[in-house]
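The structure under discussion appears below in the form of structure tokens.
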Amino acid sequence: MNFGGRMPARNKNDEGFALAAVMAVVSIMTILAFGGYFLAQNSLSDSTRVMAESRAFQVAESGLDRELSLFTPANVGTTYYPRYGQTTDGTYTVTIQEQNTGSVMGEYLLTSTGTSQGSRESVSMRFFYLDLWKMNISAGEPTTLGGGSGWNGQATIIGPLYVRGDFEWTANANYEEGPLLIRDGDLIISGSGTLGYESPIDLYVTGTYPVEDVGKQLFVDRVSHTVPDVTLPWLDQEYMQTAVETALSESVDNNMGANTRSIQTTEALNGNPTTYAIALAPALDPRISANSLAANAPSSTRYKFIGDGTSMSALGEGNHDLVIDTTSFGAWEGNGYPNTSGLHDDFAFNAATGTLYIEGVVFIDGDLTIGNNVRCYTGNGTLVVNGDVTILAGPISSDPAKGLIPSQGGLSEVEALGIVTPGDVTIGTGSIDGLYHGAVFCNGTAGLYGTATKFKGSLLAGNIYGDKPNIMIEIDPALPDVLPSGMPGAGGGMVFAGTWSRR
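Taking numbering that gives the first Met the number 0, I'd label the letters of the sequence shown as residues 0 to 502.
Have a look at this one:
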């Protein structure tokens with residue numbers, strides 16, 4: 000036995016091994032702890048960075064949205080840009096570049112750079128700015144312009160045109176003074192029809208166009224496959240109800256047109272609409288309202304509202320149809336108002352001269368027919384029709400100058416007519432050549448029927464139809480400046496957003 004000697008070597012080795020193992024475990028745990036710490040720090044840093052980038056992106060988006068909503072082309076090329084602003088998360092800077100501009104449509108690139116907590120993010124939006132009333136627009140469901148038959152037989156379109164669906168140009172039709180914009184469709188040329196023959200046009204088309212016809216029947220200055228997705232401010236119950244209220248109010252305000260004009264007339268005594276018939280006595284007694292000529296016995300006493308009481312029918316379902324043709328109504332100078340006074344009711348018709356008087360807003364709760372006896376109009380106003388509209392006014396052999404046209408020959412601040420309806424507008428028939436100079440806005444189809452039917456102004460419609468020979472549609476550049484205030488989209492252009500990208 001060994002009582003005080005050295006410990007056996009095997010025991011010493013075991014203790015050394017255990018100590019080394021413990022130290023290794025401690026080292027590994029220490030490494031893991033430090034690794035976890037640094038990993039957590041990196042994750043926290045990454046999370047903070049991502050949050051800052053996200054905030055910067057949101058700031059940039061906010062700046063883009065704000066400036067897009069305030070856009071007007073008059074500010075481009077001035078010290079208005081760059082724009083600076085801030086949100087609760089940071090600051091932004093917005094710049095703009097012109098991509099392609101013209102008198103009707105501008106194409107722009109808006110870039111917004113947002114900064115938040117040291118991070119910077121940029122977003123860009125390519126968009127279009129269109130003045131709707133400088134164009135003819137067929138913006139409803141995609142359809143072939145011309146009702147599937149195209150435009151043919153000496154048909155002519157002059158001025159900017161927007162089409163949703165195929166644009167079929169046939170026979171020897173002629174299109175001039177673009178731009179021509181075709182969304183969700185192709186340009187199809189057949190026969191001897193030409194586009195841009197007098198002066199090359201700008202062509203915007205999302206589909207195809209006949210490259211083989213360029214320089215032969217198609218003359219273009221520029222071709223783009225980027226076309227704005229135009230959505231018109233379609234008529235709804237809210238718009239129509241506002242028109243009703245305006246017509247009711249203007250029926251008793253004793254002003255010619257809107258009361259802001261302060262041209263005094265006599266429509267009612269002490270604001271009482273039931274006095275309309277006798278208000279001009281004895282100069283005109285009694286005075287006939289258009290209400291008395293409409294179908295289904297309208298009960299309204301407000302002479303500018305053709306309907307029951309003070310409320311309209313459901314959208315597009317009015318039944319108080321009115322025909323303006325051979326029977327006079329209302330008062331005008333020499334008939335209730337003094338000669339040479341220049342005064343007339345807001346809504347009147349002199350059948351002897353074929354003159355329609357229109358000021359402000361007139362609401363007709365039913366179909367409207369403007370007969371062939373109408374030879375001109377005077378005044379600046381809007382006919383809001385809760386039904387379909389048919390225009391039969393047009394030239395005849397004995398009176399080639401007549402139609403639904405300004406009495407002074409051209410549009411002006413005192414002579415401009417607008418027609419608004421959720422239904423259809425028909426100009427001319429198979430036997431009557433219609434002629435209208437003014438503005439049309441309809442949810443349905445604006446159709447030109449009858450050989451040599453002509454329209455000058457702007458058509459904004461769900462669809463534009465016309466496949467008769469010798470018809471003509473021509474833009475009037477004067478219209479936007481004299482457009483009646485009751486027309487949808489009045490007061491300037493509209494922004495149509497395009498593609499956006501993150502930079």
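Each residue gets a CB set at the ideal place from its N, CA and C atoms; glycine is no exception.
Is it buried or exposed for residue i, if we count other Cβ within 10 angstroms and need 16 for buried?
| i | result |
| --- | --- |
| Leu510 | Not covered by the structure: residue 510. The range shown for the chain is 0 to 502. |
| Arg501 | exposed |
| Asp345 | buried |
| Tyr83 | exposed |
| Asn295 | exposed |
| Gly270 | exposed |
| Asn171 | exposed |
| Ala154 | buried |
| Arg221 | exposed |
| Gly491 | exposed |
| Asp364 | buried |
| Thr207 | exposed |
| Arg260 | exposed |
| Gly164 | buried |
How would you write the range of the alpha helix (DSSP H) that residue i sits in, first residue to last?
| i | result |
| --- | --- |
| Gln236 | Gln236 to Glu249 |
| Leu478 | Leu478 to Val481 |
Identify whether residue i lies in helix, strand or coil by the three-state DSSP scheme.
| i | result |
| --- | --- |
| Leu179 | strand |
| Gln96 | strand |
| Leu38 | Low confidence applies to Leu38: its pLDDT is 48, below 50, so where it sits in the model is not reliable enough to give any reading. |
| Gly465 | coil |
| Arg260 | helix |
| Pro399 | coil |
| Trp233 | coil |
| Pro421 | coil |
| Val373 | coil |
| Gly492 | coil |
| Glu266 | coil |
| Ser148 | Its pLDDT being 43, under 50, Ser148 is placed unreliably by the model, and nothing is read from it. |
| Gly62 | helix |
| Arg163 | strand |
| Glu332 | strand |
| Asn338 | coil |
| Phe56 | helix |
| Ala73 | helix |
| Thr354 | strand |
| Thr381 | strand |
| Gly408 | coil |
| Leu194 | strand |
| Leu283 | coil |
Just reading off the beta strand (DSSP E) that residue i is part of, what are its end residues?
| i | result |
| --- | --- |
| Asp212 | Looking at the DSSP string, Asp212 is not in any beta strand (DSSP E), and its letter there is neither H nor E. |
| Gln85 | Arg82 to Thr86 |
| Ile167 | Per the sequence presented here, residue 167 reads as Glu, with Ile not at that position. It spans Phe166 to Trp168 - the beta strand (DSSP E) in which Glu167 sits, taken as one unbroken run. |
| Glu524 | Absent from the model: residue 524. The displayed extent of the chain is 0 to 502, so no value can be given. |
| Ser223 | Val219 to Ser223 |
| Phe362 | Gly359 to Ile363 |
| Ser118 | Ser118 to Leu129 |
| Met255 | Element bounds for Met255: n/a, residue is neither H nor E. |
| Leu109 | Met104 to Ser115 |
| Tyr203 | Ile200 to Val204 |
| Ala296 | It is not in any beta strand (DSSP E) - Ala296 carries neither H nor E in the DSSP assignment. |
| Arg502 | Here Arg502 belongs to no beta strand (DSSP E), and DSSP marks it neither H nor E. |
| Phe440 | Leu434 to Leu447 |
| Asn135 | Asn135 to Ser137 |
| Ala347 | Phe346 to Asn349 |
| Leu186 | Leu186 to Ile188 |
| Ile390 | Val388 to Ile390 |
| Val322 | Leu321 to Ile323 |
| Thr155 | Thr155 to Ile157 |
Return the Cβ separation of residue i and residue j in integer angstroms, given the expectation that the two are a contact with Cβ distance under 8 Å.
| i | j | result |
| --- | --- | --- |
| Val219 | Ile200 | 6 Å |
| Pro227 | Phe127 | 4 Å |
| Ala350 | Thr326 | 6 Å |
| Gly256 | Gly359 | 4 Å |
| Thr112 | Tyr91 | 6 Å |
| Trp132 | Leu478 | 6 Å |
| Val384 | Ile418 | 7 Å |
| Asn135 | Ile474 | 7 Å |
Kindly indicate if chain D contains any beta-carbon less than 8 Å away from that of residue i.
| i | result |
| --- | --- |
| Ile157 | Here chain D cannot be found, since the structure has a single protein chain. |
Regarding residue i and the ligand NAP, is the C-beta to nearest heavy atom distance less than 7 Å?
| i | result |
| --- | --- |
| Tyr80 | Annotation note on the ligand NAP: not contained in the displayed structure, which lists no ligands. |
contact_flag[the stretch 227 to 237, the stretch 209 to 217] where n(CB pairs < 8 Å) is 3 or more: no
Meets three-Cβ-pair contact criterion under 8 Å: the stretch 410 to 425 and the stretch 373 to 391: yes
Validate contact between the stretch 446 to 461 and the stretch 100 to 109 using beta carbons, cut 8 Å, 3 pairs: no
Sufficient close CB pairs (3 or more, under 8 Å) joining the stretch 363 to 373 to the stretch 323 to 340: yes
The stretch 55 to 75 contacting the stretch 480 to 496, beta-carbon criterion three pairs below 8 Å: yes
contact_flag[the stretch 426 to 435, the stretch 393 to 406] where n(CB pairs < 8 Å) is 3 or more: yes
At least 3 beta-carbon pairs within less than 8 Å: the stretch 277 to 296 vs the stretch 332 to 342: yes
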